[in-house]
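Let me begin by presenting the structure, written as C-alpha cells, before commenting on it.
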Amino acid sequence: MPAVILVTNDDGVHAAGLHALATALDGLGDVYVVAPDREQSAVGHALTLHRPLRVTQVGERRFSVNGTPSDCVNLAVLGFLPERPVLVASGINHGSNLGDDVTYSGTVSAAMEGTLLGVPSMAVSQASAGEAGFESAGEVARLVASRLLVEGLPAKTLLNVNARVPGKDRAGNGSARAAVLLDRRGTAGVERRRGLGYLRGESRPGQRDAAAPRPDALRRPRPHGGLGIRPQLAAQEAAAVIGGRREPALVATGEQRHGRERERMVAEQLIKRGIVDPAVLEAMRSVPRHLFVDEALRDRAYGDHPLPIGESQTISQPFMVARMTEILKLTGREKVLEIGTGSGYQAAVLSRVAARVCTIERIPRLAARARLTLEAMGASNVWVRAADGTMGWADEAPFDRILVAAGGPSVPPPLVEQLGEGGRLVMPVGPEDAQRLRIVDKVNGQPKVTEDSTCVFVKLIGKYAWEG
Ligand code: SAH
Numbered sequence: 003m004p005a006v007i008l009v010t011n012d013d014g015v016h017a018a019g020l021h022a023l024a025t026a027l028d029g030l031g032d033v034y035v036v037a038p039d040r041e042q043s044a045v046g047h048a049l050t051l052h053r054p055l056r057v058t059q060v061g062e063r064r065f066s067v068n069g070t071p072s073d074c075v076n077l078a079v080l081g082f083l084p085e086r087p088v089l090v091a092s093g094i095n096h097g098s099n100l101g102d103d104v105t106y107s108g109t110v111s112a113a114m115e116g117t118l119l120g121v122p123s124m125a126v127s128q129a130s131a132g133e134a135g136f137e138s139a140g141e142v143a144r145l146v147a148s149r150l151l152v153e154g155l156p157a158k159t160l161l162n163v164n165a166r167v168p169g170k171d172r173a174g175n176g177s178a179r180a181a182v183l184l185d186r187r188g189t190a191g192v193e194r195r196r197g198l199g200y201l202r203g204e205s206r207p208g209q210r211d212a213a214a215p216r217p218d219a220l221r222r223p224r225p226h227g228g229l230g231i232r233p234q235l236a237a238q239e240a241a242a243v244i245g246g247r248r249e250p251a252l253v254a255t256g257e258q259r260h261g262r263e264r265e266r267m268v269a270e271q272l273i274k275r276g277i278v279d280p281a282v283l284e285a286m287r288s289v290p291r292h293l294f295v296d297e298a299l300r301d302r303a304y305g306d307h308p309l310p311i312g313e314s315q316t317i318s319q320p321f322m323v324a325r326m327t328e329i330l331k332l333t334g335r336e337k338v339l340e341i342g343t344g345s346g347y348q349a350a351v352l353s354r355v356a357a358r359v360c361t362i363e364r365i366p367r368l369a370a371r372a373r374l375t376l377e378a379m380g381a382s383n384v385w386v387r388a389a390d391g392t393m394g395w396a397d398e399a400p401f402d403r404i405l406v407a408a409g410g411p412s413v414p415p416p417l418v419e420q421l422g423e424g425g426r427l428v429m430p431v432g433p434e435d436a437q438r439l440r441i442v443d444k445v446n447g448q449p450k451v452t453e454d455s456t457c458v459f460v461k462l463i464g465k466y467a468w469e470g
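Structure follows, in C-alpha cells:
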C-alpha cells in the first residue's frame, strides 16, 4: 500500500495553489487533501478548541474542514487519514513566506503542526505573483518532497520552501530559490547541506527575543509606595479607539478576558519570579499589552515570551519589562528616558510609575505606530522621538532614570552624561547573543556599575553601539 501524503494550505480547499501542490505530489504516495473550507491566511498557529470541527468530503481523497490549517493537520494526522502520513505539505502559497511572515502564515503553521506531531513537513510558497507560477513551484515541491521522503529531516525541523518561478526572476535567474529550514522556534542561521539551504539552530538578530534565559538570579529591591498615576483611558476605551469598528459589547467581553490574562501573567510570570514592587505590579496589571501587538497575535500577548512587532523587532517578554522597570526604583516623580520604543509597551508601563517618559526609536515606522497606540491609551506623559537613541536626548536632559531596551557592547557615553545626579540607568550589555543587565548609578558625579541577570535583547544600533 502506498504511503499517505497529506496536503493542506491556508487559502482554502478550492485554491489553485492547493490543487497544484496535490497534483505535483501525486504518485509519490497517496495524496489526501484536508484543507480549510475557506481562506485562513495569517491565522498563524491557531487551533480551534471550543467549537466542533466538521469534515466534508468535496472530492476523491479531498476534504474540507471548518477550521484553521493547524486544525486540518491535527485532525488528519491524529486519526482521520487511513494511516499516519509520511509527509505533510502545505501550500502553494501566493507569494513568499519570509521574515516576520513566517510567524503569521497559516501555510507555515500547518507545516509546523506536522513537525510538532513528528511528521516530516514542508511549507511551499511561490515567490512570484500570479497563478501561472504554481506549476513550476509544484515541480520544485515534488523535487524537494521526493528527496525528503528518502533522506528525512532532522528532528524539530521543517522546510519552508520559497520557489521562484523560472524566467520571472528579476536577476534573470531561472532556478528555484534555496529551500529554507526552520526549527520549531523559528530561529535561524543559514547553512548548506546536501544541496538544500538549511536554517536552524543559531539566532538571527531580527529574531532575538528580549527574553531572560535565566530569570531566577534576582535581587530583591526595596518596595516603595508612591505612584505616578495620571488620568488615562481604561483599556476598554483604548481598544475602542484603536479597534474603531468593534461593537462595545464585544470589546468589553474581550477586555474582561484580557484582564484575566493580565492577572495570571502578573501572578505566574512576575510575582513567582520575585517581582515585588507594588507600583510595577499594578502597572503590569493595568497596561493593555495586547494593544501593542498586531491583531493576529493578540491571543498570545500575555504569554511568557517576546513577540514580533514588525521590522524584525520584538516587544519584550513581560518579565523583562517588569524587571527592568523595578530595577529603576521609581517613585512616581521621575523623568525617564527610554531607548528603543519598539511597540511603546515598555514606555506605557513606565508612564504609570514615573512623571514623564521620553522615548526614542530608531525606526521611524515603529515610532509613529507607538505614538498612535500610546495616544489611544491616553498616555499623555510620554514623548516619542524617531532618532538614534545612543546620542540621548540632550534637550531634555538630565534624566532621573534611563532604560535601554536593546543590547549593546557598552553603555553609550552620552547616556551616562545625561543621567542626573543620584540617577540610575539599566541596559543589557554584552555580545549580540547574550547580555547581562548592567546598572549604572550616578553617585557624586561618578558612574557606579553593578550587574544583574542575563538576558537576550535585539541589537542596539547606532553611533555608540552596533553598526546597522
Ligand atoms: N521597548 C520595546 C521593545 C524594544 S525592542 C517594547 O516595549 O516594545 C528594541 C527596540 O530598540 C527596537 O524597536 C529597535 O528598533 C530599537 N533600537 C535599536 N537601536 C536603537 C537606537 N540606537 N536608538 C533607538 N532605538 C533603537
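Start counting the sequence shown at 3; every next residue gets the next number (this note's numbering). Virtual Cβ for every residue (Gly too), placed ideally from N, Cα, C.
Note to self: With a threshold of 8 angstroms on Cβ separation, who are the neighbours of Val-323 within its own chain once the five nearest residues in sequence on each side are excluded?
What the structure shows: Reading the sequence shown from its first residue, position 321 is the one you call residue 323. For Val-323, where only same-chain residues beyond five positions count, the Cβ hits under 8 angstroms are Met-286, Tyr-347, Gln-348 and Val-351.
Next item on the list: Classify Ala-5 as buried or exposed, calling it buried when 16 or more other Cβ atoms lie within 10 Å of its own Cβ.
Entry: Along the sequence shown, read from residue 1 onward, the residue named residue 5 stands at position 3. Under this definition Ala-5 is an exposed residue.
Check: What are the complete beta strand (DSSP E) segments, minimum 3 residues, inside the segment 75 to 103?
Finding: 89 to 96
Notebook entry, point to check: Looking at the unbroken beta strand (DSSP E) that takes in Ala-472, where does it start and where does it end?
Noted result: Here the chain has residues from 3 to 470 only, and residue 472 is not among them.
Note to self: Just to confirm, is the Cβ distance from Asp-443 to Arg-426 under 7 angstroms?
What the structure shows: Here residue 443 refers to the residue found at position 441 when the sequence shown is read from its first residue. Here residue 426 refers to the residue found at position 424 when the sequence shown is read from its first residue. Going by C-beta atoms, Asp-443 is nearer than 7 angstroms to Arg-426.
Note to self: I want to check one thing, is the minimum distance from the CB of Arg-364 to the heavy atoms of the ligand SAH below 6 angstroms?
What the structure shows: The sequence position of residue 364 within the sequence shown is 362, counting from 1. Checking the Cβ of Arg-364 against the ligand SAH gives yes.
Next item on the list: For the beta strand (DSSP E) containing Ser-455, list its first residue and its last residue.
Entry: As a first step, residue 455 is located in the sequence shown; it is residue number 453 there, counting from the start. Unbroken beta strand (DSSP E) run through Ser-455: 448 to 457.
Item checked: Cβ neighbours of Glu-41 in the same chain (closer than 6 angstroms, five flanking residues each side left out) -> For the purposes of this step, residue 41 is taken as the residue at position 39 of the sequence shown. Cβ within range, chain order: Asp-13 and Gly-14.
Notebook entry, point to check: Cβ of Gly-342 within 6 angstroms of any heavy atom in the ligand SAH?
Noted result: As a first step, residue 342 is located in the sequence shown; it is residue number 340 there, counting from the start. Yes, the beta carbon of Gly-342 sits closer than 6 angstroms to at least one heavy atom of the ligand SAH.
Check: Under a three-way DSSP split, which group does Gly-409 fall into?
Finding: Taking the first residue of the sequence shown as 1, we reach residue 409 at position 407. Three-state DSSP puts Gly-409 in a strand.
Check: Opposite Val-57 in the DSSP bridges: which residues?
Finding: Within the sequence shown, residue 57 is the residue found at index 55, counting from 1. For Val-57, which the question treats as bridged, DSSP gives the partners Val-67.
Check: Is Thr-392 near the ligand SAH, in the sense that its beta carbon is under 6 angstroms from a heavy atom of that ligand?
Finding: Residue mapping note: residue 392 aligns to position 390 of the sequence shown, counting from 1. Result yes, Cβ under 6 angstroms from the ligand SAH.
Checklist line | Buried/exposed call for Lys-461, threshold 16 Cβ in 10 Å | finding: Looking up residue 461 in the sequence shown gives position 459. Buried is the call here.
Check: Quick one: what does DSSP say Val-278 is sitting in, helix, strand or coil?
Finding: As a position in the sequence shown, residue 278 is number 276, starting the count at 1. Coil.
Margin query: Using only CA atoms, which one of Pro-54, Val-90 and Ala-357 lies nearest to Ala-10?
Written below: Within the sequence shown, residue 10 is the residue found at index 8, counting from 1. The residue asked about is misnamed: residue 10 is Thr in this sequence, not Ala. Selected option, being the one with the closest Cα: Val-90.
Next item on the list: Could you pull the start and end residues of the beta strand (DSSP E) that Ala-37 belongs to?
Entry: To locate residue 37, count along the sequence shown from 1; it is residue 35. Run containing Ala-37: 32 to 38, per the beta strand (DSSP E) assignment.
Note to self: If you measure between the beta carbons of Gly-93 and Leu-23, is that distance less than 7 angstroms?
What the structure shows: For the purposes of this step, residue 93 is taken as residue 91 along the sequence shown, with counting starting at 1. For the purposes of this step, residue 23 is taken as residue 21 along the sequence shown, with counting starting at 1. Going by C-beta atoms, Gly-93 is nearer than 7 angstroms to Leu-23.
Check: In terms of DSSP beta bridges, what is Met-429 paired with?
Finding: In the sequence shown, counting from the first residue as 1, residue 429 sits at position 427. Answer is Arg-440, bridged to Met-429.
Notebook entry, point to check: Hey, how far is the Cα of Ile-365 from the Cα of Met-429?
Noted result: Numbered from its first residue, the sequence shown carries residue 365 at position 363. Numbered from its first residue, the sequence shown carries residue 429 at position 427. In a straight line, the C-alpha of Ile-365 is about 19 angstroms away from that of Met-429.
Checklist line | Sheet register partners of Ile-311 (DSSP bridge) | finding: Within the sequence shown, residue 311 is the residue found at index 309, counting from 1. Partner(s): none; Ile-311 has no beta bridge.
Checklist line | Nearest candidate by alpha-carbon position, reference Ala-372, set Asp-435, Asp-296, Val-445 and Gly-447 | finding: Taking the sequence shown and counting its residues from 1, the one referred to as residue 372 is at position 370. Minimum Cα-Cα distance from Ala-372 among the listed residues Asp-435, Asp-296, Val-445 and Gly-447 corresponds to Asp-296.
Note to self: Report the CB separation of His-47 from Ser-111 in whole angstroms; it is logged as a contact under 8 angstroms.
What the structure shows: Taking the first residue of the sequence shown as position 1, residue 47 is located at position 45. Taking the first residue of the sequence shown as position 1, residue 111 is located at position 109. With 8 angstroms as the limit, His-47 and Ser-111 qualify as a contact, their Cβ atoms being about 4 angstroms apart.
Check: When burial is assigned at 16 or more other CB atoms within 10 Å of the CB, is Gly-344 buried or exposed?
Finding: By 1-based counting over the sequence shown, the position of residue 344 is 342. Label assigned to Gly-344: buried.
Next item on the list: Return the chain-ordered list of same chain residues with a C-beta closer than 6 angstroms to the C-beta of Ala-78, the five sequence neighbours on each side being excluded.
Entry: Numbered from its first residue, the sequence shown carries residue 78 at position 76. The answer, listed in chain order, is Leu-8 and Val-36.
Notebook entry, point to check: Is the beta carbon of Leu-405 within less than 6 angstroms of some heavy atom of the ligand SAH?
Noted result: Reading the sequence shown from its first residue, position 403 is the one you call residue 405. The answer is no for Leu-405.
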